[in-house]
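Q: Residue numbers (the working numbering): 288 to 677. Glycine included, every Cβ here is placed at the ideal spot set by N, Cα and C. This structure is a prediction, so every number in the text was calculated from the model and none was measured. Before anything else, here's the structure in question.
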């Protein structure tokens, strides 16, 4: 009996200590540093990144300069989590409200963000305990019976460094959710294509043309470049139709979201562009191709050519459609694409080419010669042979 009594007393003490810590945690959260300006610099910057994006939109409509759908960020919300170390994490709900406020404290926001609600949660908030696990990076949590995107952040991710950012995660997840519908085309899953010299080289040739299109202005003769691009891509399709079909779905679904991210970064003053790297903001598509083929990119090259590169191409094609006004209401047409009535950025560029570039007589051999295709093939060969030897 004495042993049982000792165990019972220890349990009571442990429960008492836990209850005291719980109460202290809740009280401190509600009384200490409840003003936005009293938070640490990294927390302020993380919250500010989300607020800057939300401020691009009002509470009734979207922002057609970013994308021409009724893309309304108000009420979508975002949970952001910073983990300093054991028992020191911080969790914030930005741009949403919460019914149960026992564990939450609404922060006093500065004038620039006074229209946006931000709640800080006590460390012991039951619904958010799983977010502090080392294995958690991003996902959705339930707030007021709806799913809200949650992401971790630290000093490196509140400032875009070319490999990922809090801002990028928020934009891509909220915009993808805004576009989500049962009829939306999905990425063709389960496809992985072996690296083939000609397929890789033709992709590199298209990168060269895309670079020229992105660096052109409206005074240039873009019809020739568009005709070149369509000619090469159609030839690649004749050799690898399944690969191109997968590419088209990735360009539509993820490429346009990437394009929205670039647009938003321009309005928030961060001006993020293709292949942003910490010390090399001017990397081009063909530079990326060179780095991949020569092993200078720390990247899975198969994953890049099967998936990642197509996201960037999709974003670039959105920019080309927009900058050169190749198709009216192109963004709405992309939003209205379905599995049964599929369209993508390239279809619109191809349609423009058929109407406006019919007098172009360039052959595929002419294009290869103009872009030094032998060099492109040599790099593709080195990549494929190197990959096979691993």
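What are the boundary residues of the alpha helix (DSSP H) that residue 521 is part of?
A: Where residue 521 is concerned, the enclosing alpha helix (DSSP H) stretches over 509-526.
Q: For residue 578, which residues of its own chain have a beta-carbon under 7 angstroms away from its beta-carbon, when the five flanking residues on both sides are left out?
A: Within the same chain, residue 578 has close Cβ partners 584.
Q: Please go through the same chain and pick out, in chain order, the residues whose beta-carbon is closer than 6 angstroms to the beta-carbon of residue 442, but skip the five residues on each side of it.
A: Result list for residue 442: 329, in chain order.
Q: Going by the beta-carbon positions, is the gap between residue 365 and residue 415 smaller than 8 angstroms?
A: Cβ distance not < 8 angstroms, so residue 365 and residue 415 don't count as in contact.
Q: Which residue's Cα is closest to the Cα of residue 662: 495, 394, 588 and 382?
A: For the residues 495, 394, 588 and 382, the minimum Cα distance to residue 662 belongs to 495.
Q: Leaving out five residues before and five after residue 561 in sequence, what residues of the same chain have Cβ atoms less than 6 angstroms from its Cβ?
A: Closer than 6 angstroms at the Cβ level, and outside the excluded window around residue 561, lie 599.
Q: In angstroms with no decimal places, state the Cα-to-Cα distance between residue 616 and residue 368.
A: In a straight line, the C-alpha of residue 616 is about 38 angstroms away from that of residue 368.
Q: From which residue to which residue does the alpha helix (DSSP H) around residue 572 run?
A: From DSSP, the alpha helix (DSSP H) with residue 572 extends over 572-580.
Q: Kindly indicate which three-state DSSP category residue 559 falls into: helix, strand or coil?
A: Correct three-state label for residue 559: coil.
Q: Please return the same chain residues whose Cβ sits closer than 6 angstroms to the Cβ of residue 363, not counting the five positions on each side in sequence.
A: Same-chain partners within the cutoff: 461.
Q: Rounding to the nearest angstrom, what Cα-Cα distance links residue 545 and residue 643 in this structure?
A: For residue 545 and residue 643, the distance between alpha carbons rounds to 28 angstroms.
Q: Hey, how far is the Cα of residue 505 from the Cα of residue 613?
A: C-alpha separation (whole angstroms): 11 angstroms.
Q: With DSSP as the reference, label residue 426 as helix, strand or coil.
A: Strand.
Q: Could you tell me the alpha carbon to alpha carbon distance between residue 388 and residue 335, rounded to whole angstroms?
A: Each residue's alpha carbon lies about 22 angstroms from the other.
Q: Using only alpha-carbon positions, find the residue among 413, 400, 315 and 370 that is nearest to residue 419.
A: That would be 370, whose Cα lies nearest to the Cα of residue 419.
Q: Rounded to the nearest angstrom, what separates residue 439 and residue 653 at their Cα positions?
A: So the alpha carbons of these two residues sit roughly 50 angstroms apart.
Q: Determine the burial state of residue 318: buried for a count of at least 16 other Cβ atoms within 10 Å of its Cβ, exposed for fewer.
A: Flag for residue 318 reads exposed.
Q: Just mark residue 338 as buried or exposed, buried being the case when its beta carbon has 16 or more other beta carbons within 10 Å.
A: Buried, by the Cβ-count rule.
Q: Does residue 300 pass the burial test, meaning 16 or more other C-beta atoms within 10 Å, or should it be called exposed?
A: Looking at its Cβ environment, which holds fewer than 16 other Cβ atoms inside 10 Å, residue 300 is exposed.
Q: Which of the three DSSP states is assigned to residue 502 in this structure?
A: Residue state, collapsed to three classes: helix.
Q: What is the DSSP secondary structure of residue 624, reduced to helix, strand or coil?
A: In this structure, residue 624 counts as coil in the three-state DSSP scheme.
Q: Would you call residue 516 buried or exposed, if buried means 16 or more other Cβ atoms sit within 10 Å of its Cβ?
A: Label assigned to residue 516: buried.
Q: Nearest to residue 315 by CA position, among 407, 331 and 340, is which residue?
A: Of 407, 331 and 340, the residue nearest in Cα terms is 407.
Q: Please classify residue 550 as buried or exposed, where buried requires at least 16 neighbouring CB atoms within 10 angstroms.
A: Buried: at least 16 other Cβ atoms inside 10 Å.
Q: With 16 other CB atoms within 10 Å as the buried threshold, where does residue 535 fall?
A: Residue 535 is buried by the Cβ-count criterion.
Q: Does residue 410 come out as helix, strand or coil in the three-state DSSP assignment?
A: DSSP places residue 410 in coil when its eight states are reduced to three.
Q: Using the three-state DSSP reduction, which class does residue 438 fall into: helix, strand or coil?
A: Residue 438 falls in the strand class under three-state DSSP.
Q: Let me know the secondary structure DSSP gives residue 293 once reduced to three states.
A: In the structure shown, residue 293 sits in a helix (DSSP, three-state: H, G or I).
Q: Between residue 738 and the rest of its own chain, which residues show a CB-CB distance below 7 angstroms, the 5 nearest in sequence each way excluded?
A: A question about residue 738 goes unanswered here, because the residues of the chain that appear run from 288 up to 677.
Q: Looking only at C-alpha atoms, which of 327, 668 and 548 sits nearest to residue 453?
A: The shortest Cα separation from residue 453 among 327, 668 and 548 belongs to 548.
Q: Can you give the beta carbon distance from residue 597 to residue 537, rounded, assuming they're within the 8 angstroms contact cut?
A: The pair is a contact, with the Cβ atoms about 4 angstroms apart (cut-off 8 angstroms).
Q: So, helix, strand or coil for residue 566, using DSSP?
A: With a pLDDT of 43 at residue 566, under the threshold of 50, the modelled position of that residue is not reliable, and no figure is offered here.
Q: So, helix, strand or coil for residue 604, using DSSP?
A: Reduced to three states, the DSSP call for residue 604 is helix.
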